[in-house]
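Novice: In UniProt numbering, the protein residues as written are 1 to 1043. Just so it is clear, CB atoms sit at the ideal spot from N, CA and C, and this is done for glycine as well. Treat the numbers as computed from the prediction; the structure is a model and nothing was measured.
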C-alpha cells in the first residue's frame, strides 16, 4: 500500500488535490490489471475468507461537493478496486497515483445498495449455517464509513432468507456489546463472560440465547438490541458506535437437537480512529478510543497470523484469547477446524479525499485476509466422546461404570456424545446418584448414619422413623421382637441383658485379638463369648442361641436398607461402609459376610477420615490447579483418628475426565482406645466415687447382675450428658436415676473438675491436635550460605514458646565436598511429611548447585547482596543509596524466583537463568559506570525530539505527543540506508496498528516502548548527520511553546 501525505497537508492542499482528482481517469494499463467479477455461487469454492469493499456515497453533510470525484473507483464487471491515491513529490508537487487493490468484490456509491452487497457477498452463508457451518460477516472501517448501516441491512436480509428454516430448526439469537471493561447482553442488559469450557467449547456465562419463532421476531429482537447499543456524537458521525456489537444466530435442527448447531455471526465493529479524530475527546472518550484501537489491533494480529499460515511451516500462535471479540470469532482464525468455517469481511471506507489515510489503512488489513488459505477440516477423532454416536455414548457409560450403570438412557435420555459431554456437572452427578441403587453406611460405635439417592433431590442423609438423621447403635430383643435404634436403647435402660450396643465393635474382636482388652475396658452392658472359630457371640435375653457378630451386623445393615427404602431411596442393592483405619483383613471379611446375609453387595470399604476428605473434595468441586493438604480429625465414641490428605489437580482437563483431581492419603494417626466413651467412663468414675461416699452404696461400674447393669447404664448416660454440656458451659448439674435400687443421685460438676480428672486423656489427645495444627501444605526450599549441619524448628503456633519438633539436617559438608563446591552458596531442599506414628520426618533432602562457578546465578546473587553491592560503601556514595537498593531488591526477587518460583523447577530452561544473570550483571555495571556529560535534547514544533551524539542524530516523538496520541501500536519507518532531507516525511506513528516492516532495532518487536519511554528507549530513527538542523527549540522553549 502506498504512503500518503499527513492529514494537515491534505487539508492545506485539498483544493489542488481535488482539482487533479476530478481531471484524472483510470489509465488503460491499470484497467488491464483488474480481474473480472466472481460468480456468487463460487465464492467459497476455493477459499474460506472473502473480502469486499463498500464505499459510501458523497453526501451533502460531508461539506464537500457531491459532484467531486471519489478516490475509490470501480470499473464495472470487475472485482478489484482502484484507489486514486494522493501524493506529494519531493519537489512539492501534488499528484494522484492510481493503485489497484486486489479484492473479491467492490461496491461504490448509491447504485450499489445493501441488497446487492448481500446477494453478491453474504447470501451463501445462510444455507451453510443451516447445514452446521460456522460463518461470519465482519463490517470494519473508520468512524462514519457506514458500517452500522450495512450491518443492519444485512441482518434484515439474513432474517428473510432464514424464514423457511423456522419450520425445521430452532433459531436462537444472542446480541452482545463488547465494551472496554465488560460485555453486555443487549437483549437482557446482563453482564456476560466469554469463556471456554474443559472441552474447548465457547460458553457465554450470565445469559441465555433468545429463541425466535419467525423471521419477524428475529428482526424485531435484533433491532431492539441494536437500539440499546452505546453511541456517541463525533465530528464524523452524530451516532458513532463506541463499542463492538456481535449478533450470533444459532441454528439448531429440531430433528437432532443434540448436534452442534450452525452459527452465523454478524459483527459491527466500532469505528477506528487516529489521533486527529480523537484530538477533542475528553478522558472517557479517549479511553473508549484506546479500547477500540487495542481490540482492533488484536483482531488484526489474528488476521495477520492466520494469513502467515500460507507461507509458514512452523506452528503459529493465533492470539484470539486476548480479547472477548476475537475469542467469540475464533472459528474465523483457526487453522484446523472441526466444521466448515466461512468468513466475509466488508471493509467500509469513505470516498472522501480527506479520509485517504483511513481508507488506505482499512484496505491494507482487508487485503491481508484475502490471502488467507482455507482451513483444514479435521476428521472426527473416534476416541473423543464429543464424536460418539448415541449408541457409542450409551455403551461408554456402561463401560466406564464397570456395568454399574444399567440404565444409561436415564443419564442420556436423548442426544449423542456431544450432548453427554456438555451435561452440566451438577446435573450429571444428580442423574448418576438418582440412578444408583446404593446406600452409604457410617456405622459408628454410638450412632448409625445412612445416606442414599433421593430421586431428583440428589444424595442426602436418610431419615429414620423419628425423622432423625442418626440412629442409636443399639439392637434388642423382647418377646421375640427385634428392635434397633432408639427403641432398643430405651429397652436397655430396663432390660440391659436383652440388648447389645456398638455392634460394629463385635466384628473387630476375636478370642485371641489384641483389641479384646480395649473392648472390655469400654464397659458395655452385655456379655461376649466366643465360638469354636474364635468369633464373638452374644446371648441376648430369651433367644435360644447366641448371635454371632456377623449376624448382628447384618441385622443392622438390613435395618439401614429398610429405612432407606422408606425414605424414598429406590431399591438399594449395594452398600459402601466406613471402617476404622486399623481394621484387619479378618474384620473386613466379617463385614462382607454380614452384608451378604443382609442381601447387600459391598461396593467398597472406606476409611472414615478418607470418606470425609473425599466428601470435602467433591463439595468443593476440586481445587483448580492448586495442590492442597488438609487434616481430618475424627474423635469417635471409641477411638480417634487423624488423617492427612493431599488434593492434586487433574492431570488433564479432557472431556469426561475427573474435574476433582486426585485424593492421596499421606498418613493416618490413631488411638484405638481414646474416644468419647473413654471420657464418659472417666466422668462416671468421678460421679461413682462421690455417690458411694455420700450414699454408702456398693460399686456401680463393672457389675454383672441385671440390677448392676441397669445402674451402670444410667450412670454412663448421665456422664455422657455431663461431658456434652461442659463442652459449652463452665458448670452443669446432673442426676443419676437408679444409681442404686430405688435411689437417685443429684450433684453438679465444673469444667475445671472435668479437665483435671481427664487430664491424662487430654495429654493423649495433644499429639493428635498438634498433628492437626501443624502446617503440612508446602515443600520448604531454602538457600543457606554455610557449609555445616543445621537444624529447623517447627512450632504449633507462631507465639509458641517451645518448638513442636526439631529437624536436624546432617551431611551437608560431606555432600559439598563430594561435589567440590564448598565455597558456593547452595540450595538444601526438604520435603516434610507426617509419618504413620504422628511425628514429623524428613522424607527427602538434597544439596543442589545448578551451574559451574563461572556461570552461577546463585553465587552472583550472594556476592551482590553482600560485599559486591550492599557492603560497598564507595559504590553507595557514588551511585546513591536508592540505586543500590534497587539492585538489592532485584537480587532478592531473583533469589525468590530461584528458591520458590519457576527457577526451582527442574523444567526451567537454562536460557532463563542466563538471561537473569546477564540482567543482574547489567544493573551492577550500570551502578559502577562513570557518569557521562548530559546530552542536550532539542524539539520541533511538530513534537519530535532530536538528540546528537557525535555524527549521529536520534529522533523520536515527545512525551506530549505520545500522551495525545494514546497507545502507539504501529510505527512505520524508512529502510536502513535511505537518504532523507530536511522536512521529509520519514514515517508514521498511529494508534491503530498497521502492517509494515520495522527496521529500528528498538521498535522491531516492541512498538509499545514508545508508550513506556517516548524520550529514551522508544526512539524511532537514527540519522547520520554532521550537525543538528537550525531553528529547533531547547527544553525550556518547548515547554513555553506547549503553553
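By how many angstroms is the C-alpha of residue 485 removed from the C-alpha of residue 206?
Specialist: Taking the first residue of the chain shown as 1, we reach residue 206 at position 206. Taking the first residue of the chain shown as 1, we reach residue 485 at position 485. The alpha-carbon atoms of residue 206 and residue 485 are separated by roughly 49 Å.
Novice: How many angstroms separate the CA atom of residue 723 from the CA atom of residue 556?
Specialist: On the chain shown, position 723 is the one that residue 723 refers to. On the chain shown, position 556 is the one that residue 556 refers to. Here the alpha carbons of residue 556 and residue 723 stand approximately 28 Å from one another.
Novice: For residue 77, count the other beta carbons within 10 Å of its own beta carbon; 16 or more makes it buried, fewer makes it exposed. Which is it?
Specialist: On the chain shown, position 77 is the one that residue 77 refers to. Exposed is the call here.
Novice: Based on Cα-Cα distance, which residue from 480, 474 and 496 lies nearest to residue 553?
Specialist: If you number the chain shown from 1, residue 553 lands on position 553. Among 480, 474 and 496, the Cα nearest to that of residue 553 belongs to 474.
Novice: Within the chosen definition, does the region 247 to 256 reach the region 161 to 180 through at least 3 CB pairs nearer than 8 Å?
Specialist: A contact exists between the region 247 to 256 and the region 161 to 180.
Novice: Could you tell me which of 287, 326, 14 and 701 sits nearest to residue 304, measuring between CA atoms?
Specialist: Locating residue 304 in the chain shown gives position 304, where the first residue counts as 1. Of 287, 326, 14 and 701, the residue nearest in Cα terms is 326.
Novice: Work out the CA separation of residue 511 and residue 534 for me, nearest whole Å.
Specialist: Here the question's residue 534 lines up with position 534 in the chain shown. Here the question's residue 511 lines up with position 511 in the chain shown. Going from the Cα of residue 534 to the Cα of residue 511 covers about 5 Å.
Novice: Taking 8 Å as the threshold (C-beta atoms), are residue 82 and residue 98 in contact?
Specialist: Numbered from 1 along the chain shown, position 98 holds the residue referred to as residue 98. Numbered from 1 along the chain shown, position 82 holds the residue referred to as residue 82. Cβ atoms of residue 98 and residue 82: closer than 8 Å.
Novice: Between the C-alpha atoms of residue 741 and residue 707, what's the straight-line distance to the nearest angstrom?
Specialist: The residue labelled residue 741 in the question sits at position 741 within the chain shown. The residue labelled residue 707 in the question sits at position 707 within the chain shown. Rounded to the nearest angstrom, the two C-alpha atoms are 8 Å apart.
Novice: Taking the alpha carbon of residue 703 as the reference point, which residue from 1038, 86 and 497 has its own alpha carbon closest?
Specialist: Within the chain shown, residue 703 is the residue found at index 703, counting from 1. For residue 703, the nearest C-alpha among the options comes from 497.
Novice: Please classify residue 1042: is it buried, with 16 or more other beta-carbons within 10 angstroms of its beta-carbon, or exposed?
Specialist: Counting from 1 along the chain shown, the entry for residue 1042 is found at position 1042. It counts as exposed.
Novice: With the cut-off set at 8 Å, would you say residue 461 and residue 435 are in Cβ contact?
Specialist: The count along the chain shown starts at 1 and reaches residue 461 at position 461. The count along the chain shown starts at 1 and reaches residue 435 at position 435. Not closer than 8 Å, so no.
Novice: Helix, strand or coil for residue 662? Go by DSSP, reduced to three states.
Specialist: Walking along the chain shown from the start, residue 662 turns up at place 662. In the structure shown, residue 662 sits in a strand (DSSP, three-state: E or B).
Novice: So residue 940 packs on residue 1032, CB below 8 Å; how close in whole Å?
Specialist: Stepping through the chain shown from its first residue, residue 940 is reached at position 940. Stepping through the chain shown from its first residue, residue 1032 is reached at position 1032. Yes, residue 940 and residue 1032 are in contact; Cβ-Cβ is about 6 Å, under 8 Å.
Novice: Exposed or buried, residue 226, counting other C-beta atoms within 10 Å across all chains shown (16 or more means buried)?
Specialist: Here residue 226 refers to the residue found at position 226 when the chain shown is read from its first residue. The residue is buried, with at least 16 neighbouring Cβ atoms inside 10 Å.
Novice: Please list the terminal residues of the continuous alpha helix (DSSP H) segment that includes residue 560.
Specialist: In the chain shown, residue 560 corresponds to position 560, counting from 1. It spans 549 to 566 - the alpha helix (DSSP H) in which residue 560 sits, taken as one unbroken run.
Novice: Would you kindly work out how many angstroms separate the C-alpha atoms of residue 712 and residue 399, rounded to a whole number?
Specialist: The count along the chain shown starts at 1 and reaches residue 712 at position 712. The count along the chain shown starts at 1 and reaches residue 399 at position 399. Going by the C-alpha atoms only, they are around 55 Å apart.
Novice: Residue 630 and residue 613: beta carbons closer than 8 Å?
Specialist: Taking the first residue of the chain shown as 1, we reach residue 630 at position 630. Taking the first residue of the chain shown as 1, we reach residue 613 at position 613. Yes, the pair counts as a contact, with Cβ atoms nearer than the cut-off.
Novice: When the Cα atoms are used, what is the spatial distance from residue 58 to residue 144?
Specialist: On the chain shown, position 58 is the one that residue 58 refers to. On the chain shown, position 144 is the one that residue 144 refers to. Near 12 Å, if we compare the C-alpha coordinates of residue 144 and residue 58.
Novice: Whose C-beta lies closer than 6 Å to the C-beta of residue 734 among residues of the same chain, with five residues either side of it excluded?
Specialist: Counting from one through the chain shown, the residue named residue 734 turns up at place 734. Excluding positions up to five away in sequence, the list reads 718 and 722.
Novice: Measure the CB-CB distance between residue 175 and residue 186 and report whether it falls below 8 Å.
Specialist: Taking the chain shown and counting its residues from 1, one reaches residue 175 at position 175. Taking the chain shown and counting its residues from 1, one reaches residue 186 at position 186. Against a cut-off of 8 Å, the Cβ pair of residue 186 and residue 175 comes out as a contact.
Novice: What would DSSP say about residue 949, mapped onto helix, strand or coil?
Specialist: Locating residue 949 in the chain shown gives position 949, counting from the first residue. Strand.
Novice: Is residue 453 helix, strand or coil by DSSP?
Specialist: In the chain shown, the residue the question calls residue 453 occupies position 453. The answer is strand: DSSP assigns residue 453 an E or B state.
Novice: So if DSSP puts residue 500 in a beta bridge, which residue, or which two residues, is it bridged to?
Specialist: The residue given as residue 500 occupies position 500 in the chain shown. DSSP lists 475 as partners of residue 500.
Novice: Bridge partners for residue 733 per DSSP, in chain order?
Specialist: Taking the first residue of the chain shown as 1, we reach residue 733 at position 733. Paired residues: 748.
Novice: Start and end of the alpha helix (DSSP H) containing residue 153?
Specialist: Taking the first residue of the chain shown as 1, we reach residue 153 at position 153. Looking at the DSSP string, the run of the alpha helix (DSSP H) that includes residue 153 is 147 to 162.
Novice: Give me whichever residues DSSP pairs with residue 140 in a beta bridge.
Specialist: Counted from its first residue, the chain shown places residue 140 at position 140. DSSP output for residue 140 lists 347 as bridge partner(s).
Novice: Rounded to a whole number of angstroms, what is the C-alpha to C-alpha distance between residue 494 and residue 476?
Specialist: For the purposes of this step, residue 494 is taken as the residue at position 494 of the chain shown. For the purposes of this step, residue 476 is taken as the residue at position 476 of the chain shown. Using only the alpha carbons, I get a separation of about 12 Å.
Novice: Mapping the DSSP letters down to three states, classify residue 829 as helix, strand or coil.
Specialist: Position 829 of the chain shown holds residue 829. Per-residue confidence for residue 829 stands at a pLDDT of 47, beneath the threshold of 50, marking its modelled position as unreliable; the derived number appears in the next sentence. The answer is strand: DSSP assigns residue 829 an E or B state.
Novice: From the DSSP output, which residues share a beta bridge with residue 467?
Specialist: As a position in the chain shown, residue 467 is number 467, starting the count at 1. Partner(s): none; residue 467 has no beta bridge.
Novice: Anyone know if the C-beta pair for residue 109 and residue 55 falls short of 8 Å?
Specialist: By 1-based counting over the chain shown, the position of residue 109 is 109. By 1-based counting over the chain shown, the position of residue 55 is 55. Against a cut-off of 8 Å, the Cβ pair of residue 55 and residue 109 comes out as a contact.
Novice: How do the region 879 to 896 and the region 918 to 929 stand: do at least 3 beta-carbon pairs fall below 8 Å, yes or no?
Specialist: yes
Novice: May I have the straight-line CA-CA distance separating residue 1024 from residue 366, to the nearest angstrom?
Specialist: Position 1024 of the chain shown, counted from the start, is the residue given in the question as residue 1024. Position 366 of the chain shown, counted from the start, is the residue given in the question as residue 366. Distance between the alpha carbons of residue 1024 and residue 366: 37 Å.
Novice: Tell me, which residues are paired with residue 76 by DSSP?
Specialist: Stepping through the chain shown from its first residue, residue 76 is reached at position 76. Looking at the DSSP output, residue 76 sits in no beta bridge, so it has no partner there.
Novice: What residues match up with residue 211 in a beta bridge as DSSP calls it?
Specialist: Numbered from its first residue, the chain shown carries residue 211 at position 211. 172.
Novice: Considering only C-alpha positions, which residue in the set 422, 566, 919 and 163 is nearest to residue 387?
Specialist: Position 387 of the chain shown holds residue 387. Distances from the CA of residue 387 to each of 422, 566, 919 and 163 were compared; the closest alpha carbon is that of 422.
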